[in-house]
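A.B. asks: Please see the structure below; I have some questions.
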Amino acid sequence: MKAAHYWHCFVGIQTREWLRFWQQRTRFASALVRPLLWLVVFAAGFRAVLGISIIPPYETYITYETYIAPGLCGMIILFNSMQGALSMVYDRELGSMRVLLMSPLPRPFLLVTKLLAMGVVSIGQVYVFLLLALLVDVEPPLWGYLAVLPALILTSLMLGALGLLIATWIKQLENFAGVMNFVIFPMFFMSSALYPLWRMNEASPWLYWICQFNPFTHAVEAIRFSLYMEWNPMAYGITAGVTAVLALLATAGFRPQRTRILGASKPA
Amino acid sequence: MTIEASNLSFRYGDKPVLREVSFALTSGRFHALLGPNGAGKSTLFGLLTRLLALQQGELRLAGQSLKHQPAEAMRQIGVVFQQNALDLDLTVRQNLQYHAALHGLSRKEARARGDRELERFNLLDRANDAVRQLNGGHRRRVEIARALLHEPSLLLLDEPTVGLDVASRKALNEHVRTLCEEDGLTVLWATHLIEEVRTDDRVLILHQGQLLADGNGQAICEAEGTRDLAETFHSLTGAG
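Chains as they are written, first to last, in our numbering: chain C, 150 to 417; chain W, 18 to 257.
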C-alpha cells in the first residue's frame, strides 16, 4: 500500500464523519447544552462559594467561569469520545465499522483515523463552546484559541482510545449509563476540571493523589495552559504518553469478535 | 481467484460452531452455502472476512495463507453482510465513496467506478438520494455495487435477501448470477432458502457446524438418492 492509499483513506474517514455530523447537527447543538449549563448556572452558583486565588497559568484573580471553562472543554471531549467509542462497537456505527474493517489497510491505522475523525467533530463543539463562553467573560488571549488545538487533539485521541479499550474489553459497561457512572463522572470529578487541586489537597490528601494520577487532570491542565499561551511540559508529557499507550493498547488489542460488529451479539 | 478452507473449527466459549470444515471454491463459479439458521454460516463468513480470528484450521487465498496476507485478501474479497451496512442518512454516492476511500481510491477514481457500477445496477439516477429513501431491494443492490467497487475477484454474500419480498429476492439472486457469468466472479452466496439454489450450482450444505455435502447440486441429489435439493436438504438437516 502506498502513501496515497493511506491519504485517500484518511480523507475518506474524516469526510464521512463530517457528513454524518452535518446530518445530525441538532444533536451537535444539544450536546452543547450540558457544558453551557455548567458554565452559566453551576458556575454562577458556585462563584460565591469558591474563591479562586492566583494560580498559573492565570496572572490575576479570575472568575470561577474562567477557571472551569478548560475543564468543560475536556468534558465535551470526554462525553463525545466515550459515546463515540461505544457506538463504534455496540450500536449506531456497527454498519460503518463492518465496512471500515474490510479495508486492506492496517487496522490500527483505521481505528486511530476513526478516533481522530470523531475527535475533530468534538473539537468543533469545543470551539463553539469557547465562543459562547465569551458571553460570560471567559476571554483567553486570541492566539490561545490556536495554541490549544494540539491539546484538544491529544485529549480527544486519548479519551477515544480509552473508550474503545473499555467498550471492547469490559462487557459490563456496554451501555452509556454504566460508562457514565463508572468512567465519565469519576474521571471528571476526580480531576482539576472543577476545582484547583490544592483545594482538594486541603480537603483530602488521598483524593488529591487520585486526582494527580487521573490522566484527565493532565489533559485539562494541558488545555488550560495552552489556552492561556503557557507551556506546561508535565501536563503535555503525561497526556501524550498516556495517549500513546492507550492508542496502542486499544488498537493492537481490538478484537471485532468481542463486539457486535459481526452481527448479533454472541458470547465472546 | 479461489479460496480454500482446511479443517476450520471455531467455538464460542464451550460451544462449537464450526467443526473441521474443509472446502475449496472453484474460480468463477456461483457457490451456494446452504444451511438452516444457526448452522454456522455467519461464523464462517466472519472467519473469511477476518472479523473473527482463526482458532483452528487454515484459510488460503490463491494458495497464500489469509493470516499472513490480510491486506491482499481484503483487496480480493468483496462482502455483503447480512445486516445493513449502509449509512442510511448519507446518499448512495457518499456511501460508495466512503468504501472506495477505505480501499485507497482517490475521489475521482471512486466517482468514476461508483457511477459505472450504479449504471450497471440501474441505480445511477438514485446516486444523490439518501439511502433511507431506497427500498430494501435497491439498498441491497447498492451494497453489492459497493462490494464490487474495488474490483474484487471473490464476492461473499451472507444471506443477502433477508427481509426482501419474493420478487426482489429472485431479482437479486439473478443479478448476482449474471455478475458471476459476465465478470468471472467467484461467488459464495449463503442462504437458508432452498429456492435460491439451482441444481447446477456448486452446493455446500452446512448443518450444526459440519459440512454435510459439497459438490454439484445434481450430483449431491444422486448421491443421496433424492429427487431434488429440497428433499436432500430436508433429509440431511431435517429443515426446509
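C-beta: ideal position from N, C-alpha, C; glycine also.
(1) In angstroms with no decimal places, state the Cα-to-Cα distance between L50/W and G244/C.
(2) Look up L395/C in the DSSP assignment and say whether it is helix, strand or coil.
(3) Hey, quick one: how far does the beta strand (DSSP E) through F40/W stretch, first residue to last?
(4) With 7 Å as the threshold, decide whether the Cβ of R92/W is near any Cβ in chain C.
(5) Residues of chain W with CB under 8 Å from V404/C, in chain order?
(6) Tell me, please, whether the CB atom of V96/W is closer than 7 Å to any CB atom in chain C?
(7) With a Cβ-Cβ cutoff of 7 Å, do P177/W and R149/W count as a contact?
(8) State the Cα-Cα distance for the pair E112/C and A368/C, rounded to the nearest angstrom.
(9) Tell me where the beta strand (DSSP E) around R219/W begins and ends.
(10) Would you please verify whether the beta carbon of V261/C is less than 7 Å from any beta carbon of chain W?
(11) Identify the continuous alpha helix (DSSP H) that holds L301/C and give its terminal residues.
(12) Would you identify the three-state DSSP class for E75/W, choosing helix, strand or coil?
(13) Do we get a CB-CB distance below 7 Å when we pair H157/C with the residues of chain W?
(14) Under three-state DSSP, which class holds G95/W?
(15) For the alpha helix (DSSP H) that Q163/C lies in, which residues bound it at each end?
(16) In chain order, which alpha helix (DSSP H) runs of at least 4 residues are fully inside the region 160-230 of chain W?
(17) List the endpoints of the continuous alpha helix (DSSP H) containing S123/W.
(18) Buried or exposed: W206/W, going by 16 or more other Cβ atoms within 10 Å of its Cβ?
(19) On a CA-only basis, which of L42/W, F27/W, A240/W is nearest A79/W? Give me that one, please.
(20) Residues in the region 204-229 of chain W with C-beta within 7 Å of chain C's C-beta atoms, listed in sequence order?
(21) Comparing the C-beta of A118/W with each C-beta of chain C, is any distance below 7 Å?
(22) Can you name the residues of chain C whose CB is closer than 9 Å to the CB of T195/W?
(23) Which residues in chain C have a C-beta closer than 7 Å to the C-beta of T66/W? List them in chain order.
(24) Kindly indicate which three-state DSSP category L83/W falls into: helix, strand or coil?
(25) Can you list, in chain order, the residues of its chain whose CB lies under 7 Å from that of G234/W, leaving out five sequence neighbours each side?
(26) State the Cα-Cα distance for the pair F285/C and L185/C, rounded to the nearest angstrom.
(27) Does G223/C come out as helix, strand or coil in the three-state DSSP assignment?
(28) Tell me, please, whether the region 385-398 of chain C touches the region 303-323 of chain C by the rule of three or more beta-carbon pairs shorter than 8 Å.
(29) Could you tell me which chain C residues have their CB closer than 7 Å to the CB of G255/W, listed as they occur along the chain?
(30) Is the distance from the Cβ of L376/C to the Cβ of P255/C below 7 Å?
(31) Is the shortest distance between the beta-carbon of Q232/C and the beta-carbons of chain W less than 7 Å?
(32) Comparing C-alpha positions only, which one of R110/W, L166/W, A147/W, E160/W sits nearest to D175/W?
(33) Please state the DSSP three-state secondary structure of T108/W.
(34) Under 7 Å Cβ-Cβ, which residues of chain W neighbour S245/C?
(35) Skipping 5 residues on each side, what residues in its chain have a beta carbon closer than 6 Å to that of R36/W?
(36) Residues of chain C with a CB under 7 Å from the CB of N101/W: which are they?
C.D. replies: Let me lay it out:
(1) Taking the straight line joining both Cα atoms gives about 23 Å.
(2) Looking at L395/C - three-state DSSP - the assignment turns out to be helix.
(3) 32-41 is the span of the beta strand (DSSP E), which, as asked, contains F40/W.
(4) Closer than 7 Å: yes.
(5) Here residue 404/C is Arg; the residue named in the question, Val, does not match the sequence. Residues of chain W passing the Cβ test: A70.
(6) Interface residue, yes.
(7) No; because the gap between Cβ atoms is not below 7 Å, this pair is not in contact.
(8) A query on residue 112/C cannot be resolved here, the shown segment of chain C reaching from 150 to 417 and no further.
(9) For R219/W, the enclosing beta strand (DSSP E) starts and ends at 219-224.
(10) Among the residues facing chain W, V261/C is not included, as its CB has no counterpart in that chain under 7 Å away.
(11) Going by DSSP, L301/C is part of the alpha helix (DSSP H) stretching over 298-318.
(12) The three-state secondary structure of E75/W, taken from DSSP, is strand.
(13) Yes, H157/C counts as interfacial toward chain W.
(14) The answer is strand: DSSP assigns G95/W an E or B state.
(15) Where Q163/C is concerned, the enclosing alpha helix (DSSP H) stretches over 152-172.
(16) DSSP runs (the alpha helix (DSSP H)) wholly in the region 160-230 of chain W: 183-200.
(17) If you look at S123/W, you'll find it isn't in any alpha helix (DSSP H); DSSP assigns it neither H nor E.
(18) Buried is the call here.
(19) Distance check between A79/W and each of L42/W, F27/W, A240/W places L42/W closest, using alpha-carbon atoms only.
(20) For the region 204-229 of chain W, no residue has a beta-carbon sitting nearer than 7 Å to a beta-carbon of chain C.
(21) It does; some Cβ of chain C falls within 7 Å.
(22) Going along chain C, no residue has its Cβ under 9 Å from T195/W, so there is no contact; the nearest lies around 23 Å.
(23) Within chain C, the C-beta atoms nearer than 7 Å to that of T66/W come from M251, in chain order.
(24) Here L83/W sits in coil by DSSP.
(25) Leaving aside the five residues that flank G234/W on each side, the residues in its chain whose CB is nearer than 7 Å to its CB run, in chain order, V214, R215, T216, D217, D218, V220, L246.
(26) The residue asked about is misnamed: residue 285/C is Val in this sequence, not Phe. About 10 Å.
(27) If DSSP states are grouped into helix, strand and coil, G223/C belongs with the helices.
(28) By the Cβ rule, the region 385-398 of chain C counts as touching the region 303-323 of chain C, because three or more pairs are nearer than 8 Å.
(29) Close partners of G255/W in chain C (Cβ separation under 7 Å) are lacking, with about 23 Å as the shortest Cβ gap.
(30) Going by C-beta atoms, L376/C is not nearer than 7 Å to P255/C.
(31) At a cut-off of 7 Å between beta-carbon atoms, Q232/C makes no contact with chain W.
(32) A check of alpha carbon separations from D175/W across R110/W, L166/W, A147/W, E160/W identifies E160/W as the nearest.
(33) Under the three-state reduction of DSSP output, T108/W falls in the strand class.
(34) The answer, in chain order, is D104.
(35) Annotation for R36/W: S26, G226, Q227 place their beta carbon closer than 6 Å to its own, counting only its chain and skipping 5 residues before and after.
(36) Using a Cβ-Cβ cut-off of 7 Å, N101/W is close to G244 of chain C, given in chain order.
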